[in-house]
Every structure is written in C-alpha cells, then in structure tokens.
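Q: I am attaching a structure below and will ask some questions about it afterwards.
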Amino acid sequence: MRVFFRDIHDWEWLPRRFDPIRALALPRSINALLGPRPRVIDDGLWAKLLWAGLNLEATDIPRGKAGLIYPLELVRAITLTWLFAGQRSNEIARLRLGCIRWQHDGTAVAGDSTQVLARDAVCLLDVPAHKTGTAFTKPVDPLLGQAINAWEAVRPDQPKRTDKRTGEQVDFLFSLRARAISSGYINSTIIPMLCRKAGVLASDVRGSITSHRARSTIANQLYNAKEPMTLFELQAWLGHRSPESTQHYAKISPNTLTKAYKDAGYFARNVRTIEVLVDREAVASGAAAAGEPWQHYDLGHGFCTYSFFDQCPHRMACARCDFYMPKDSSKGQLLEAKDNLQRMLATIPLTDEEQAAVDDGQAALDQLLERLADVPTPSGATPRQLLPIIEVRQGHAPKA
Ligand code: SF4
C-alpha cells in the first residue's frame with residue numbers, strides 16, 4: 323500500500339495530502355513479532371516418526387485399486403531421505419541415480435559391500451544444485467545410503483528427464499513409470515503415512531508437520547547435540563550460501579543454553595563459599611548478646627570473629643586485626659573442640675580485584691595487599707600498623 327500510494331503521488335494522480343511511508347508504517351507491536359522462528363518438531367514426536375520410518379512395511383503404504391502405487395523400496399528410500407538428509411522436498415525429488423557414495427578410510431568403496439559399510443564406512447549424498455547454491459556433497463547416515471542402494475537395485479530403467487532447475491537431461495533417482503516423483507509427495511503421502519503408523523497427529527502446536535520442518539528439526543538437533551556442529555559446519559551440511567540463513571535454523575535450545583550457563587559458572591565466579599562455625603552455647607547463654615564472638619569465619623589458617631565479615635575490605639587477604647583468632651591458638655583449639663558447634667556455609671560476593679587475587683595467584687594477591695596496606699581494618703589499625711605486631715606474635719623481629 324505504501325508503494326501504491328507513493329507511486330500515485332509521484333505520478334500526480336492524487337494531490338499529496340499525507341506521507342504514505344509514515345501513515346502506513348508497520349506498527350511497532352507487529353514489527354517486534356517479526357523474526358526467524360524455526361518450526362522444530364518436538365524431540366518425542368520426532369523420535370516416533372523416526373521409529374515409524376525405520377519400521378515401514380508394505381501394509382503401511384497407501385494402495386491404489388491395482389495394489390501398491392509405489393514399491394516398498396522406493397517409499398522407504400524417500401522416507402529415510404526425508405528423515406535423515408535434512409534437504410528440501412524439491413531437492414529430494416531431484417536427487418539423481420548414483421547420488422550415494424561410500425567411503426572407508428578416505429577411499430571410495432563399492433556400493434554393494436554393505437557388510438563393511440554398516441559399521442565403519444562413511445555415506446556421502448550428492449545433492450543437486452538448489453535454490454541457494456550449487457551442487458554439493460554431504461555425509462549422511464549409512465541407513466539412508468543402504469535404503470537408496472536397495473531401491474537402486476530394483477529400480478527399473480527409466481528414460482532421462484529434464485531437471486527444470488539446471489536444464490540438464492538426468493536420471494532421477496525417484497522415478498517410476500517414466501515419471502519422477504513430485505516434490506509434493508512427501509507432504510501428501512509420506513508424512514500422513516508416518517503419522518498414522520506412529521499414532522500421532524499430523525500437526526502440533528507449531529502447525530502442520532510439513533516436509534520443511536524435518537530440515538529445521540535435524541539442523542536444530544545437530545546444533546544442540548552433545549558434541550554440536552559449529553555454525554559453519556552446519557551451513558556446509560545444509561548447503562546454505564550464507565551463515566545468516568543457517569542462523570534461522572540453528573536456535574539454541576533452552577536445555578543447551580541452561581547447560582552452557584551453568585558451565586560458565588557465573589554465580590560461582592562472583593562469589594566464594596566460606597564455612598562459618600556458629601557457637602550455639604554462646605548464643606544460648608546470652609554471651610553473644612553481651613558482645614562475645616559467636617560466629618567464626620574459617621579463613622583456613624584462623625578464624626575471623628567479626629560478625630560483619632563480608633563487609634571487611636581485607637576479607638580475601640586478612641590483615642589479622644583484633645578480630646582474628648589463629649587456629650593454633652588455645653582459643654582456636656578450644657573452639658574447634660566444642661560439640662555444640664553448628665557448621666554453616668556463607669556466600670561472599672567478590673569484587674573483580676578479589677576475584678583476580680583468588681584465581682590468578684600471588685602477583686594479584688600482592689597487588690591487593692599493596693592497595694589495602696593503609697585501609698583500616700574493622701578494629702581500627704591498618705595492615706601496615708598491624709604487621710610489626712603480627713611479626714612479634716609470630717616470634718619474628720619486626721622490620722625497620
Ligand atoms: S582483617 Fe579482621 S575483620 Fe577483616 S577478615 Fe581479618 S580478622 Fe576479620
């Protein structure tokens with residue numbers, strides 16, 4: 323409509339009374355809804371469709387008045403191509419005879435040596451030129467290669483036909499009675515047949531199950547696998563010209579995102595857990611209310627008895643102020659010997675500098691100590707003032 327009115331204005335058929343670009347702009351609320359949304363099939367439903375495809379029997383295939391319209395080998399090969407190749411229906415219908423190649427240790431293997439193939443060989447599928455690129459080759463599951471080989475073994479000779487995209491005369495793989503299978507065959511026959519066999523509806527919350535949804539689903543599963551494909555590998559596998567197109571398919575699933583978030587350890591990175599010994603006797607007897615220390619933060623070498631330990635600027639490099647109690651002191655040993663101690667864990671948020679001191683070792687710790695040298699501890703003295711006292715306590719002569 324914008325272009326229509328703009329042209330009418332340009333041609334002066336109507337006087338320009340409004341700006342069509344502004345007046346007919348897309349509302350922001352609708353614009354916000356625009357974006358790629360691959361209609362991935364739910365894992366459970368996809369597993370059922372896979373099972374149905376792998377266990378396909380002649381009785382599952384729709385029949386005409388004269389019996390089977392297409393032989394089981396042909397229907398099975400198309401079905402597995404749809405379930406495993408992740409290609410568009412048009413590309414599946416245009417696959418050519420001999421599109422499957424087998425390799426073992428990088429060397430081509432004859433297509434009939436299926437005993438070796440099942441276990442170790444790599445199956446390659448040649449995909450013809452398509453809407454976004456030229457012909458390419460991709461690895462696929464050996465099951466698909468075997469199904470196509472089985473069809474090729476019984477496929478009667480067919481006349482060549484013209485590939486509408488390239489104009490070449492080619493032998494279409496899925497061709498019978500001198501006609502190639504239509505690209506709509508997957509939507510009209512294969513998918514309803516699989517849904518019937520799997521006992522599922524032919525639609526889900528995201529709409530009808532269509533041939534293209536297999537492509538989104540497979541791409542999504544490969545991208546969210548335990549050992550996922552990278553975006554560029556997936557781009558090559560799907561045959562996309564640009565990574566932007568691949569991004570439309572490769573959406574990170576909430577499960578993968580959750581795992582990645584947990585592995586990144588955001589919470590653990592910014593906090594440290596420290597053990598606190600709570601002296602229940604001091605609390606019960608009222609000594610705590612009278613000012614006796616009752617919470618003891620375990621620093622490894624000693625305890626900090628300052629109740630607001632998490633607010634002490636020296637908590638990650640303790641300056642051993644008056645609130646400090648060495649573990650090897652008689653007080654420290656008496657505390658640890660008490661039976662009514664309650665052990666709890668406290669989480670302490672860390673600043674970047676403290677984080678570096680904890681993670682990066684001595685140099686970062688020295689930097690932190692240097693910066694805090696003249697910052698008063700909760701007891702009033704600075705670490706620089708406390709250092710001679712500590713050295714005397716430890717039996718060293720104070721430095722001049
Ligand atoms: S400097 Fe004092 S208050 Fe701070 S952690 Fe050490 S003992 Fe506790």
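For the sequence shown, the numbering used here assigns the number 323 to the initial residue and increments by one for each residue that follows. Using N, Cα and C, we set each Cβ at its ideal position, and we do this for glycine too. Just so you know, these numbers come straight off a predicted model, no measurement behind them.
When burial is assigned at 16 or more other CB atoms within 10 Å of the CB, is Q491 buried or exposed?
A: Along the sequence shown, read from residue 1 onward, the residue named residue 491 stands at position 169. Counting Cβ neighbours within 10 Å, Q491 comes out exposed, since fewer than 16 surround it.
Q: Nearest CA to the CA of S652: which residue from L553, P393 and G624?
A: The residue labelled residue 652 in the question sits at position 330 within the sequence shown. Of the candidates L553, P393 and G624, the one whose C-alpha sits nearest the C-alpha of S652 is G624.
Q: Identify every run of the alpha helix (DSSP H) within the region 577–619, keeping only runs that are complete inside it and at least 4 residues long; order them along the chain.
A: 588–592 and 602–606
Q: Decide if L356 is buried, meaning its Cβ has at least 16 other Cβ atoms within 10 Å, or exposed.
A: Counting from one through the sequence shown, the residue named residue 356 turns up at place 34. The Cβ neighbour count for L356, taken over all protein chains shown within 10 Å, is under 16; the residue is labelled exposed.
Q: Taking the alpha helix (DSSP H) that G366 falls in, what are its first and last residues?
A: Counted from its first residue, the sequence shown places residue 366 at position 44. Note, G366: alpha helix (DSSP H), D365 to L376.
Q: Which value, in whole angstroms, describes the spacing of the CA atoms of Q409 and T539?
A: If you number the sequence shown from 1, residue 409 lands on position 87. If you number the sequence shown from 1, residue 539 lands on position 217. If I take the Cα positions, the gap works out to 11 Å.
Q: Excluding the 5 residues preceding and the 5 following L657 in the sequence, name in chain order all residues of the same chain whose CB lies nearer than 8 Å to its CB.
A: By one-based count along the sequence shown, residue 657 stands at place 335. For L657, where only same-chain residues beyond five positions count, the Cβ hits under 8 Å are L599, D601, H618, F625, M647 and L663.
Q: Using 8 Å for Cβ pairs, my map puts A679 next to L690. What's the rounded Cβ distance?
A: On the sequence shown, residue 679 is found 357 positions in, with the first residue counted as 1. On the sequence shown, residue 690 is found 368 positions in, with the first residue counted as 1. Going by Cβ atoms, the distance from A679 to L690 rounds to 4 Å, so yes, they are a contact pair.
Q: Whole angstroms are fine: how far does the CA of F554 sit from the CA of L378?
A: Position 56 of the sequence shown, counted from the start, is the residue given in the question as residue 378. Position 232 of the sequence shown, counted from the start, is the residue given in the question as residue 554. Whole-angstrom Cα-Cα distance: 34 Å.
Q: Cα separation between T578 and K584?
A: Residue 578 sits at position 256 when you count from the first residue of the sequence shown. Residue 584 sits at position 262 when you count from the first residue of the sequence shown. Distance between the alpha carbons of T578 and K584 is about 10 Å.
Q: DSSP three-state call for D341: helix, strand or coil?
A: The residue labelled residue 341 in the question sits at position 19 within the sequence shown. If DSSP states are grouped into helix, strand and coil, D341 belongs with coil.
Q: Please list, following the chain, all residues that have a C-beta closer than 5 Å to any non-hydrogen atom of the ligand SF4.
A: After applying the 5 Å Cβ criterion, the set is C626, Y628, C634, H636, R637, C640, A641, C643, F645, Y646, T699 and P700.
Q: At which residue ranges does the region 442–506 contain complete alpha helix (DSSP H) runs of 4 or more residues, listed in the order of the chain?
A: 464–476
Q: Examine the Cβ distances between the region 569–576 and the region 626–643 and report whether three or more of them are shorter than 8 Å.
A: no
Q: Give me, in chain order, the residues of the same chain whose beta-carbon lies closer than 7 Å to that of F645; leave out the 5 immediate sequence neighbours on both sides.
A: Against the sequence shown, residue 645 aligns to sequence position 323. Cβ neighbours of F645 beyond the five flanking positions: C626, T627, Y628, P700 and S701.
Q: With DSSP collapsed to three states, give me the class of F625.
A: Numbered from 1 along the sequence shown, position 303 holds the residue referred to as residue 625. Three-state DSSP puts F625 in a strand.
Q: Buried or exposed: where does R338 fall if 16 or more other Cβ atoms within 10 Å of its Cβ makes it buried?
A: Your numbering for residue 338 matches position 16 in the sequence shown. Looking at its Cβ environment, which holds fewer than 16 other Cβ atoms inside 10 Å, R338 is exposed.
Q: Could you tell me which whole beta strand (DSSP E) segments of length 3 or greater appear in the region 661–695?
A: 663–671
Q: Check whether the Cβ atoms of A415 and S504 lie closer than 8 Å to each other.
A: As a working note, residue 415 is residue 93 in the sequence shown. As a working note, residue 504 is residue 182 in the sequence shown. Yes, they are a contact pair.
Q: Straight-line CA distance for S525 to I343?
A: If you number the sequence shown from 1, residue 525 lands on position 203. If you number the sequence shown from 1, residue 343 lands on position 21. Approximately 39 Å, taken between the alpha carbons.
Q: In three-state terms, what does DSSP make of G529?
A: Indexing the sequence shown from 1 puts residue 529 at position 207. It is a strand residue.
Q: Can you tell me which of the three DSSP states A430 falls into?
A: Locating residue 430 in the sequence shown gives position 108, where the first residue counts as 1. Residue state, collapsed to three classes: strand.
Q: Can you give me the C-alpha to C-alpha distance between I712 and P615, rounded to a whole angstrom?
A: Looking up residue 712 in the sequence shown gives position 390. Looking up residue 615 in the sequence shown gives position 293. Computed Cα separation, rounded: 21 Å.
Q: Shortest alpha-carbon distance to T595 belongs to which of L672, T552 and Q569?
A: Position 273 of the sequence shown, counted from the first residue, corresponds to residue 595. Per the C-alpha coordinates, the member of L672, T552 and Q569 positioned closest to T595 is L672.
Q: On the three-pair Cβ rule with 8 Å, is the region 392–400 touching the region 464–475?
A: yes
Q: How many Å lie between G622 and A582 at the Cα?
A: Counting from 1 along the sequence shown, the entry for residue 622 is found at position 300. Counting from 1 along the sequence shown, the entry for residue 582 is found at position 260. So the two alpha carbons sit approximately 32 Å from each other.
Q: Give the straight-line distance between the Cα atoms of I269 and L348, rounded to the nearest whole angstrom.
A: Since the first residue shown for the chain is 323 and the last is 722, residue 269 is missing from the structure and cannot be characterised.
Q: For N542, count neighbouring C-beta atoms within 10 Å of its own C-beta (all shown protein chains included) and say buried if the count is 16 or more, exposed if not.
A: Sequence index remark: in the sequence shown, residue 542 carries index 220 (1-based). That one is buried.
Q: Going by Cα to Cα distance, which pick from T532, L687 and P461 is closest to Y507?
A: Numbered from its first residue, the sequence shown carries residue 507 at position 185. Minimum Cα distance to Y507 is reached at T532.
Q: Just how far apart, CA to CA, sit A722 and V593?
A: Along the sequence shown, one-based indexing puts residue 722 at 400. Along the sequence shown, one-based indexing puts residue 593 at 271. Bear in mind that a pLDDT of 48 at A722, under 50, signals an unreliable position, so the number given afterwards is only what the model happens to contain. Using only the alpha carbons, I get a separation of about 38 Å.
Q: Using a Cβ distance threshold of 8 Å, determine whether the region 478–490 contacts the region 442–461, with at least three qualifying pairs required.
A: yes
Q: Straight-line CA distance for S756 to S497?
A: This structure gives no information on residue 756, because the portion of the chain shown stretches from 323 to 722.
Q: Could you give the C-beta distance for L446 and R423, rounded to a whole number, given that I count them as a contact under 8 Å?
A: By 1-based counting over the sequence shown, the position of residue 446 is 124. By 1-based counting over the sequence shown, the position of residue 423 is 101. Contact flag correct, Cβ pair sits at about 5 Å.
Q: Where do the N-terminal and C-terminal ends of the alpha helix (DSSP H) with P648 fall, by residue?
A: Taking the first residue of the sequence shown as 1, we reach residue 648 at position 326. Where P648 is concerned, there is no enclosing alpha helix (DSSP H), although the beta strand (DSSP E) around it starts and stops at Y646 to P648.
Q: Whole angstroms are fine: how far does the CA of Q655 sit from the CA of S607?
A: Taking the first residue of the sequence shown as 1, we reach residue 607 at position 285. Taking the first residue of the sequence shown as 1, we reach residue 655 at position 333. Taking the straight line from one Cα to the other gives about 20 Å.
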